[in-house]
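Trainee: The sequence shown begins at 160 in our numbering and counts up one residue at a time.
Using N, Cα and C, we set each Cβ at its ideal position, and we do this for glycine too.
For clarity, every value in this text was computed on a predicted model and none was experimentally measured.
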Amino acid sequence: MPKHTTRHRPSPAPTVDPSSAADLRLDFDGLTFGVEALSDDLMRVRISQHNATPIPPSWAVRSPFPAKPTVPPRVGQRRHVAELATPEATLRIRLADGSWEFSDRYGWTVFQSTSSITGVFSDRARLALRLEPREAIFGLGETTGTFNRRGTIREFWNSDVLGHAPCIHPHLRQLYASIPFALSLRDGRAAGLFWDFPGRQIWDIGSTHRDVWSLQAPADHVDLYLFAGPTPYRVVQRFTDLTGRHWLLPRWALGYHQSRYSYVNRAELESVARQLRRRQIPCDAVYCDIHHQDKHRVFTFGRSFPRPAAMIAGLARRGFRVVAIVNPGVKNDPSFGVLRRGLRHDAFVKTPSGRRDFIGRVWPGDARFPDFTRSKVRDWWSSEQRALLRLGIAGIWNDMNEPAVFDRADKTLDPQCLHHTDTGPRRHGEIHNVYGQLMAQACHQGLLQGTTNSTEPTDQTRPFVITRAGYAGMQRHAILWTGDNSAAWSHLDDALQMLLNLGLSGVGFCGADVGGFLENCSAELFVRWLQMAIFTPFLRNHSNLDTARQEPWAFGPETEELARRYLNLRYQLLPYLYGLLEEMVRHGTPMMRPLLWRYPNDPVAVACGDQFLLGDALLVAPVLRQGSVARCVYLPQGEWFDFWTGQRLVGGAHRVAHAPLDIIPLFIRAGSLLPLAARRSFVGPTEPETVFLHVWPGDDGRLDWYDDDGRSRAHETGGWYRRSIHHHQRSRGGRLVFDAATGTFPSSTRTWRIALRGQTRPIRVALDREVVGSHFDAETGLVILDIPNRRQAFSVDWR
Ligand code: MIG
């Protein structure tokens, strides 16, 4: 890269050139601004040097963008300002110095560059934005520390950081995954910003200068997306329009997963599975960490796992899926088939000179690293997945894909290493953060291709891919777990804000190792961790080599009993969770949401990072401190019920929730409809025939019920069962309206067992105006009735 840099001084008379591809193009002396309205509420701003090489295509952004402005954007130039406006957003660029301002539909400034600091040079680009009083910043993907990111510095450079979390690394700035996207919230108005550049970025969000958010990268251009909001929902929906959403995972992905580094041989893995069933602890997946491999060769099983296909088939008969780990480093052993085929494709990342393959040490010793930036290489890597698919592996876990390299001081590939991307050579440093995600993309592609020819859907038909490293848009290819945390109370706390911020960054299917990966977990911490984790999308217990055992029975019978009870609740919640997953796939709405999602105008709710909403109905307030038997809970405006006691509570206030070790404070919004199924040991091919529908009084509510076969891809062509259920509160009694079902999937639901909560006496219930029988239980305040399911619309009234 050229060392020489020049400061750009805007020329006195910039030109507006409406004929270029961008809606608004401004040329200053040496610098070009191109602004484009992708939709009414989303603008893309490109700033580059004159005559610079074109900005390379993005791996994060889907193209074409699936929306467009409702009316042609208005381009204007008034005396000192050029502007681009849609009905919902305006970008103004001051002609004197190139400073700019982005405002929303109310004319509120949401982002504003501090004057003339915007700088794009040949070797670095920098932006500086003003932070407003009361502005809070969320998102940024995987982060440790505080929930609100204002006041922190984050460096986006995917890194293998063992034992992350602020208590171990107080100044930790890097993590495994990097999403340079922020959701800004101020006085109830949300906006978003995404700087698409997969090399290193450093964001100082009001840490050094309290009111300045500075962003910098060693790039010769800026490629910025500005989201006008005005709600968190709109920002995240647009961000996921832009970078994509998760696919519909198999239903078993929502079950409990049991892992360990490692179950070292076949007998041990089978014995864990056997114990899970014998002890009636529900579980859907068990994991093979690196010890299953033949001397750390990827895609192989070694001698300690004889006849893996038979083992996997045997486990499958008992309802277990097996997930296997795959690392990017391919053992540099000429007798190894994967290496030989890779060499034949000239598939590996090159040394800086470009003449040889880069070789770095990882688990297998010397290894070469596939150059996933090339589609041919991804095609080859995708075909290698077949080795595992053939054995019956149901899911693949991509680890070490930052990529991690042991024998270098910077623990990754030399930033000068050469990639031969589809659009030309790039240095590793320019694409580093997207490496892991491209690996996951190749894996996902392989799982899709490997199963398209099977006639009957199996547990493999919908890809299940977990990644550790990633960049914006990773959610199209993988779900994410947050890497090597510790069995420490502070990490439990930290995990919660990480998952919430990941969800706001497009990666809603995420989870932290339950119980903590490093260190020995105590019984109390394990219980508290699991109580929280059953409400998180990815629920996996995983722990490190040489730590105390962490299976639910490892802590003694009392802990085991509590674990069983909470895992049973998780399985009862599966229909609800599956519906939330499908909603996330369609709209980008995270399954677990911070309170600000629904209460952006309530400053107490906005600041709250130690509670969360699961969907619309549930509010979870996990116990995060050792020894606590109560905690303070903030219930936002409205009415709530204590899930355990049924007690009615008025919101808009803090309360002390009773929380002995067997209780996690859990609340349900008045008016909610909560579907629950019978417990079971694993997700089978069909769903339970009876769905309990709990109806909580006090307000109107609605449930978007979604079901399908949970494993085929028929849902892509209408193979679902979908219906909205509306709850109307009446001055006396209430009404449920089941809209007609749509879709071609024949629902497995035979009976809706409706449980009307909070009743004080027997009531009269009618189905489509015909009185039907119901049962009143005075002790629990429940009225229960069974309604046979049918596709046509129907209604249930009570008074
Ligand atoms: O250097 O495969 O984060 O979950 O168990 C450690 C062994 C490599 C790191 C992962 C962890 C996994 C472990 N891996």
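Does the beta carbon of residue 598 fall short of 7 Å from some heavy atom of the ligand MIG?
Mentor: Residue 598 sits at position 439 when you count from the first residue of the sequence shown. Checking every heavy atom of the ligand MIG against the Cβ of residue 598, none is found closer than 7 Å.
Trainee: Relative to the C-alpha of residue 199, which residue among 230, 448, 190 is closest?
Mentor: Stepping through the sequence shown from its first residue, residue 199 is reached at position 40. The candidate whose alpha carbon is nearest that of residue 199 is 230.
Trainee: Curious, which full-length beta strand (DSSP E) runs of at least 3 residues does the segment 336 to 398 contain?
Mentor: You should have 340 to 345, 348 to 354, 360 to 364, 371 to 376, 380 to 386.
Trainee: Any heavy atom of the ligand MIG closer than 7 Å to the CB of residue 328?
Mentor: As a working note, residue 328 is residue 169 in the sequence shown. Every heavy atom of the ligand MIG is 7 Å or more from the Cβ of residue 328, so no.
Trainee: In angstroms with no decimal places, state the Cα-to-Cα distance between residue 940 and residue 710.
Mentor: As a working note, residue 940 is residue 781 in the sequence shown. As a working note, residue 710 is residue 551 in the sequence shown. About 37 Å.
Trainee: What is the DSSP secondary structure of residue 314, counted as helix, strand or coil?
Mentor: Taking the sequence shown and counting its residues from 1, the one referred to as residue 314 is at position 155. It is a strand residue.
Trainee: Please report the straight-line C-alpha distance between residue 542 and residue 429, rounded to a whole angstrom.
Mentor: Translated into positions along the sequence shown, residue 542 becomes position 383. Translated into positions along the sequence shown, residue 429 becomes position 270. Cα-Cα distance, rounded: 28 Å.
Trainee: Kindly indicate which residue of 442, 212, 257 has the alpha-carbon position closest to the one of residue 843.
Mentor: Residue numbering aside, residue 843 sits at position 684 when the sequence shown is read from its first letter. Of the listed residues, the one whose Cα sits closest to residue 843 is 442.
Trainee: DSSP state of residue 193, grouped into three classes?
Mentor: Mapped onto the sequence shown, residue 193 falls at position 34. Note: residue 193 maps to strand in three-state DSSP.
Trainee: If we ignore side chains and look at the alpha-carbon of each, how far apart do residue 915 and residue 942 end up?
Mentor: Indexing the sequence shown from 1 puts residue 915 at position 756. Indexing the sequence shown from 1 puts residue 942 at position 783. Cα-Cα distance, rounded: 5 Å.
Trainee: CB of residue 889 to nearest heavy atom of the ligand MIG: below 7 Å?
Mentor: As a working note, residue 889 is residue 730 in the sequence shown. Not under cutoff, so the answer is no.
Trainee: Is the beta carbon of residue 1004 within less than 7 Å of some heavy atom of the ligand MIG?
Mentor: The structure shown does not extend to residue 1004, since the chain is modelled only from 160 to 958, so the question has no answer here.
Trainee: What span of residues does the alpha helix (DSSP H) with residue 471 cover, start to end?
Mentor: By 1-based counting over the sequence shown, the position of residue 471 is 312. Element bounds for residue 471: 467 to 476.
Trainee: Is any non-hydrogen atom of the ligand MIG found closer than 7 Å to the C-beta of residue 495, if you look at the structure I gave you?
Mentor: Taking the sequence shown and counting its residues from 1, the one referred to as residue 495 is at position 336. Every heavy atom of the ligand MIG is 7 Å or more from the Cβ of residue 495, so no.
Trainee: Could you give the distance in angstroms between the alpha-carbon of residue 828 and the alpha-carbon of residue 799?
Mentor: Along the sequence shown, read from residue 1 onward, the residue named residue 828 stands at position 669. Along the sequence shown, read from residue 1 onward, the residue named residue 799 stands at position 640. Approximately 5 Å, taken between the alpha carbons.
Trainee: By Cβ distance, which residues of its chain are closer than 6 Å to residue 558, with the 5 residues on each side in sequence left out?
Mentor: Residue numbering aside, residue 558 sits at position 399 when the sequence shown is read from its first letter. Taken in chain order, the residues that qualify are 484, 486, 627.
Trainee: Can you say whether residue 804 is buried or exposed, counting buried as having 16 or more other CB atoms within 10 angstroms of its CB?
Mentor: Counting from 1 along the sequence shown, the entry for residue 804 is found at position 645. The residue is exposed, with fewer than 16 neighbouring Cβ atoms inside 10 Å.
Trainee: Would you mind sorting residue 612 into buried or exposed? The rule is 16 or more other CB atoms within 10 Å of its CB.
Mentor: Residue mapping note: residue 612 aligns to position 453 of the sequence shown, counting from 1. That one is exposed.
Trainee: How is residue 570 classed by DSSP in three states: helix, strand or coil?
Mentor: As a position in the sequence shown, residue 570 is number 411, starting the count at 1. DSSP places residue 570 in coil when its eight states are reduced to three.
Trainee: By the three-class DSSP mapping on this structure, what secondary structure does residue 947 have?
Mentor: Here residue 947 is taken as the residue at index 788 of the sequence shown, counted from 1. In the structure shown, residue 947 sits in a strand (DSSP, three-state: E or B).
Trainee: Rounded to the nearest angstrom, what separates residue 410 and residue 385 at their Cα positions?
Mentor: To locate residue 410, count along the sequence shown from 1; it is residue 251. To locate residue 385, count along the sequence shown from 1; it is residue 226. Answer to the nearest angstrom: the Cα atoms are 35 Å apart.
Trainee: For residue 747, would you say it is in contact with chain C, using Cβ-to-Cβ distances shorter than 8 Å as the test?
Mentor: In the displayed structure, chain C is absent; only one protein chain is listed.
Trainee: How many Å lie between residue 891 and residue 958 at the Cα?
Mentor: Looking up residue 891 in the sequence shown gives position 732. Looking up residue 958 in the sequence shown gives position 799. C-alpha separation (whole angstroms): 6 Å.
Trainee: Can you grab the Cα-Cα spacing for the pair residue 854 / residue 462, in whole Å?
Mentor: As a working mapping, residue 854 is identified with position 695 in the sequence shown. As a working mapping, residue 462 is identified with position 303 in the sequence shown. Using only the alpha carbons, I get a separation of about 54 Å.
Trainee: Let's see if you can read the secondary structure: which residues bound the alpha helix (DSSP H) around residue 599?
Mentor: Along the sequence shown, read from residue 1 onward, the residue named residue 599 stands at position 440. Unbroken alpha helix (DSSP H) run through residue 599: 594 to 610.
Trainee: Please work out which residues of its chain come closer than 6 Å, Cβ to Cβ, to residue 603, disregarding the five sequence neighbours upstream and downstream, and give them in chain order.
Mentor: Within the sequence shown, the letter at position 444 stands for residue 603. Once the five neighbours on either side are set aside, the close Cβ partners of residue 603 are 622, 624, 636.
Trainee: When the Cα of residue 354 is compared with those of 575, 302, 285, which residue comes out closest?
Mentor: Taking the first residue of the sequence shown as 1, we reach residue 354 at position 195. When each option's Cα is compared against that of residue 354, the closest is 285.
Trainee: Identify, in the order they occur along the chain, each residue of the same chain with its Cβ nearer than 6 Å to the Cβ of residue 642, setting aside the five sequence neighbours on each side.
Mentor: Here the question's residue 642 lines up with position 483 in the sequence shown. Closer than 6 Å at the Cβ level, and outside the excluded window around residue 642, lie 335, 627.
Trainee: When you compare each of 661, 754, 297, 926 to residue 772 by their alpha carbons, which one comes out closest?
Mentor: For this step, residue 772 is matched to residue 613 along the sequence shown. Measuring from the Cα of residue 772, the nearest candidate turns out to be 754.
Trainee: Can you give me the C-alpha to C-alpha distance between residue 235 and residue 241, rounded to a whole angstrom?
Mentor: Here the question's residue 235 lines up with position 76 in the sequence shown. Here the question's residue 241 lines up with position 82 in the sequence shown. The straight-line gap from Cα to Cα measures roughly 6 Å.
Trainee: Where does residue 734 fall in DSSP's three states?
Mentor: The sequence position of residue 734 within the sequence shown is 575, counting from 1. Helix, per DSSP.
Trainee: In whole angstroms, give me the CA-to-CA distance for residue 661 and residue 259.
Mentor: If you number the sequence shown from 1, residue 661 lands on position 502. If you number the sequence shown from 1, residue 259 lands on position 100. Using only the alpha carbons, I get a separation of about 29 Å.
Trainee: Check whether the segment 457 to 472 and the segment 416 to 436 touch, using three or more Cβ-Cβ pairs below 8 Å as the test.
Mentor: Yes: the two stretches touch, three or more of their Cβ pairs being nearer than 8 Å.
Trainee: Helix, strand or coil, according to DSSP, for residue 333 in the structure here?
Mentor: Position 174 of the sequence shown holds residue 333. The answer is coil: DSSP assigns residue 333 none of H, G, I, E or B.
Trainee: Name the residue from 610, 840, 813 whose alpha carbon lies nearest to the alpha carbon of residue 476.
Mentor: Residue mapping note: residue 476 aligns to position 317 of the sequence shown, counting from 1. Checking every option, the nearest Cα to that of residue 476 belongs to 840.
Trainee: Rounded to a whole number of angstroms, what is the C-alpha to C-alpha distance between residue 481 and residue 408?
Mentor: If you number the sequence shown from 1, residue 481 lands on position 322. If you number the sequence shown from 1, residue 408 lands on position 249. Roughly 15 Å separates the two Cα atoms.
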